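Residue numbers (the numbering used here), protein chains in the order written: chain A, 1 to 208; chain B, 1001 to 1471.
We put the beta carbon where it would ideally sit given N, CA and C, even for glycine.
Remember, predicted model here, so these are calculated numbers, not experimental data.
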């Protein structure tokens, strides 16, 4: 996984709640087993006019400078709904490295952490302030520094954000979480041996 | 004396392989369920990394997400690219020694319907699947949650997943349910009261008199939509209802294993003085059949009510969201939702497609006809549910009423570019998500119980199942 340390660039405002993963990547767009090719499919139902791949000029990511957005700011419960990891892949492959919202769909958030996309959580007042700033400027630029846990708003204001130390370290290192768990193989096998004596039915049930 | 603990705490402790710090535990995963939408991708990821499936005896797969639900279906799906997903999944599963319930297998069905039906989902198990509605298995007393592809690879490769200790929440539905009020109505009402993020990423235990009285299927409906409430997962403490449901099912414990399992299962309940971070108590007897009006699970009302006006919402983002939802669904605030004309009706999905859902809907449909111009579709949740329904003659009731009677699968719960409602715009549906475009481009989804869907199909408009003699 690519490490995340810092991102600086255009931030796009999406001032609505409950942006679900069906909106981020509609099911009809995931037509291949591959993890690639998702950039142009991001927000397809909102981004393109019905029936064609003609960009809808009203949609934020179709309007310069947001066509180059690296950060997305939304309301509450961003990424709720389906577990589809292509929601994260499509944001990344469009160029988004960081999402800022009041809260997230938990599976989406877990998927972000495991793909090097930073989900920043801020109180709704702070999110609202960022949305107002982004909508009221011709230079919607922001910076997010994970090491310092600080973001810089379009007006130059700095804000601290919280993230758990495990998740922070994993993002900063671009860590292979599966490899870290596999390093505990002996511990896992010992646990299972003990568990098998305690809950034998769990270890015979699926052989029927 | 030991400290009082919650149900989830007991299951958690039985699976804690290691503490990773930051309130995160490496949990042993007892069962992994795969499906053709992401199963092939996960298995390919494991193989590409040069790893192996840790214990294939803990993994099962089914075809549900992509396959057609038409009679005579094959690998050539209406969904473009379906054959690639199906074949990749089969190849990966075969290489890893994982059994899958393929097209034509009598055990095939929607993953969250067949897992309990086959006895795979059991109390106290940790169970994960690449599907956000995996929490459905909480209805059996399992600790089950949905994951993405990368975490799927993690679980397959290591038999473990790191999980952050969740808030402990309990929702007690007290009192008796009114006529035609179902688990679907309870959960929609809860989400309406406390919002689509009201679950606060918690482990949510459903309890109370009304929940104790629910069948396993209804408990699964309740837990199915915990994720729409913003909970990490939902769970109901296992009891005699659960044990009776499981007894004799193919993957359930047998003989001495059964006795040992039941003895442990009986301990899986929150202690009387266990402390929850949040507790909500709801008078279930005051709830009427619910229906959604918007594009978020919390945009729900009783069938006798009218959608609220967004003008009353002070928060600008929340108001803009409600206005966007109203513009999409084209319903009018202040006007009763009852009588709003519908063009299609759908009974199916992991929320409401079990045999008792079909029986309840059939009781309304018997001797009646779907309104002219309404496309009505019933998709049983599993091949076994379909066979059972046919043995009871329910398929005839559905067909005689004008419903299409399909093979089992996820079907039109979501639009994948293939199967569609053929131009119908407004759909009353027993599914779990009313998101924009979820069931098709421009399709407006009104979530409701199978009873309300059946009544509305007959009326040709959103209807109250109590007006159709539903019990």
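For residue i, the three-state DSSP class (helix, strand or coil)
i, result
"residue 1061 of chain B", "strand"
"residue 1052 of chain B", "coil"
"residue 122 of chain A", "coil"
"residue 10 of chain A", "strand"
"residue 28 of chain A", "helix"
"residue 1026 of chain B", "strand"
"residue 1188 of chain B", "helix"
"residue 1324 of chain B", "helix"
"residue 208 of chain A", "For residue 208 of chain A, the predicted model reports a pLDDT of 43, less than 50, meaning its position is unreliable; a value from the coordinates is still stated below. In the structure shown, residue 208 of chain A sits in coil (DSSP, three-state: anything other than H, G, I, E or B)."
"residue 1377 of chain B", "strand"
"residue 1082 of chain B", "helix"
"residue 1386 of chain B", "helix"
"residue 1044 of chain B", "helix"
"residue 1446 of chain B", "strand"
"residue 38 of chain A", "coil"
"residue 1101 of chain B", "strand"
"residue 1251 of chain B", "coil"
"residue 1002 of chain B", "coil"
"residue 1276 of chain B", "coil"
"residue 1410 of chain B", "coil"
Residue i - containing beta strand (DSSP E), residue span
i, result
"residue 1369 of chain B", "No beta strand (DSSP E) holds residue 1369 of chain B; DSSP gives it neither H nor E."
"residue 1232 of chain B", "Here residue 1232 of chain B belongs to no beta strand (DSSP E), and DSSP marks it neither H nor E."
"residue 1258 of chain B", "Segment 1255-1265 is the alpha helix (DSSP H) holding residue 1258 of chain B; no beta strand (DSSP E) there."
"residue 92 of chain A", "Element bounds for residue 92 of chain A: not the beta strand (DSSP E) but the alpha helix (DSSP H), 86-94."
"residue 153 of chain A", "Note, residue 153 of chain A: premise wrong, no beta strand (DSSP E); not H, not E."
"residue 1205 of chain B", "1203-1207"
Alpha helix (DSSP H) segment containing residue i, residue limits
i, result
"residue 1450 of chain B", "1450-1459"
"residue 210 of chain A", "In this structure chain A extends from 1 to 208, so residue 210 of chain A is not present and cannot be described."
"residue 276 of chain A", "Look at the range of chain A in this structure, 1 to 208, and you will see that residue 276 of chain A is not part of it."
"residue 46 of chain A", "44-47"
"residue 1405 of chain B", "Here residue 1405 of chain B belongs to no alpha helix (DSSP H); instead the beta strand (DSSP E) covers 1403-1405."
"residue 1240 of chain B", "1240-1246"
"residue 1219 of chain B", "1216-1224"
"residue 1116 of chain B", "1111-1117"
"residue 1151 of chain B", "1149-1158"
Spatially closest choice to residue i from the options, by CA coordinates
i, options, result
"residue 174 of chain A", "A/48, A/62, A/112 and A/70", "A/112"
"residue 1339 of chain B", "B/1313, B/1259 and B/1455", "B/1455"
"residue 1432 of chain B", "B/1445, B/1424 and B/1440", "B/1445"
"residue 1164 of chain B", "A/72, A/83, A/110 and A/8", "A/110"
"residue 46 of chain A", "A/29, A/38, A/66 and A/23", "A/23"
"residue 1078 of chain B", "A/31, A/48 and A/193", "A/31"
"residue 1194 of chain B", "B/1225, B/1229 and B/1204", "B/1229"
"residue 124 of chain A", "A/135, A/163, A/189 and A/73", "A/73"
"residue 1168 of chain B", "B/1207, B/1174 and B/1188", "B/1207"
"residue 1112 of chain B", "B/1350, B/1251, B/1210 and B/1274", "B/1350"
"residue 96 of chain A", "A/9, A/81 and A/189", "A/9"
"residue 1118 of chain B", "B/1252, B/1178, B/1179 and B/1150", "B/1252"
"residue 1348 of chain B", "B/1377, B/1115, B/1335 and B/1334", "B/1377"
"residue 1331 of chain B", "B/1081, B/1354, B/1300 and B/1346", "B/1300"
"residue 1344 of chain B", "B/1309, B/1008, B/1083 and B/1457", "B/1457"
"residue 1213 of chain B", "B/1088, B/1272 and B/1176", "B/1176"
"residue 1032 of chain B", "B/1256, B/1130 and B/1041", "B/1130"
"residue 17 of chain A", "B/1128, B/1451, B/1321 and B/1172", "B/1321"
"residue 1115 of chain B", "B/1189, B/1245 and B/1420", "B/1245"
With 9 Å as the C-beta to C-beta threshold (strictly closer), list the residues of the region 49-62 of chain A near chain B in chain order.
For the region 49-62 of chain A, which is checked against every Cβ of chain B, the residues closer than 9 Å are 50 and 51.
Spell out a yes or no on whether the region 1176-1193 of chain B and the region 1212-1226 of chain B are touching, meaning 3 or more CB-CB pairs, one atom from each, closer than 8 Å.
Contact between the region 1176-1193 of chain B and the region 1212-1226 of chain B is present, because at least three Cβ pairs lie under 8 Å.
Selection of the region 22-34 of chain A by Cβ proximity to chain B, strictly under 7 Å
Per Cβ criterion, the list reads 22, 23, 26, 27, 28, 31, 32 and 33.
Is it true that the region 56-67 of chain A meets the region 142-152 of chain A, where meeting means three or more beta-carbon pairs spaced less than 8 Å apart?
No contact exists between the region 56-67 of chain A and the region 142-152 of chain A.
Would you list, in chain order, the members of the region 138-155 of chain A that have their beta-carbon closer than 8 Å to a beta-carbon of chain B?
Residues passing the 8 Å Cβ filter: none.
Can at least three beta-carbon pairs, one atom from the region 93-106 of chain A and one from the region 118-125 of chain A, be found at a separation below 8 Å?
Touching, per the Cβ criterion.
Do the region 1236-1246 of chain B and the region 1129-1149 of chain B meet, that is, are 3 or more Cβ pairs less than 8 Å apart?
Yes, the region 1236-1246 of chain B is in contact with the region 1129-1149 of chain B.
Touch check for the region 1098-1111 of chain B and the region 1032-1042 of chain B: three-plus C-beta pairs under 8 Å?
Yes, the region 1098-1111 of chain B touches the region 1032-1042 of chain B.
Per the contact definition of three or more C-beta pairs closer than 8 Å, is the region 1382-1398 of chain B in contact with the region 1354-1368 of chain B?
Segments in contact, yes.
The region 71-92 of chain A: which residues have C-beta closer than 8 Å to a C-beta of chain B, in chain order?
Within the region 71-92 of chain A, the qualifying residues are 75, 76, 77, 80, 81, 82, 83, 84, 85 and 88.
Listed from N- to C-terminal order along the chain, which residues in the region 1001-1031 of chain B have their beta-carbon within a distance smaller than 9 Å of any beta-carbon of chain A?
Legend: CB atoms of the region 1001-1031 of chain B lying less than 9 Å from CB atoms of chain A belong to residues 1014, 1015, 1016, 1017, 1018, 1020, 1021, 1022, 1023, 1024, 1026, 1028, 1030 and 1031.
Interface positions of the region 1188-1202 of chain B facing chain A (Cβ-Cβ less than 7 Å), listed along the chain
Listed by position along the chain: 1196, 1197 and 1201.
Within 8 Å, do at least three Cβ pairs link the region 84-93 of chain A to the region 33-43 of chain A?
Short answer: they touch.
Residues within the region 1399-1426 of chain B neighbouring chain A, beta-carbon criterion of under 7 Å
For the region 1399-1426 of chain B, which is checked against every Cβ of chain A, the residues closer than 7 Å are 1414, 1415, 1416 and 1417.
Identify each residue in the region 1427-1454 of chain B for which the Cβ-Cβ distance to at least one residue of chain A is less than 7 Å, and report them in chain order.
Cβ contacts with chain A come from 1433, 1435, 1436, 1437, 1438 and 1441.
Spell out a yes or no on whether the region 1062-1079 of chain B and the region 1016-1026 of chain B are touching, meaning 3 or more CB-CB pairs, one atom from each, closer than 8 Å.
Judged by Cβ distances under 8 Å, the region 1062-1079 of chain B makes no contact with the region 1016-1026 of chain B, as fewer than three pairs qualify.
Does the region 1436-1444 of chain B touch the region 1400-1419 of chain B, meaning 3 or more C-beta pairs lie closer than 8 Å?
Output reads yes: the region 1436-1444 of chain B touches the region 1400-1419 of chain B.
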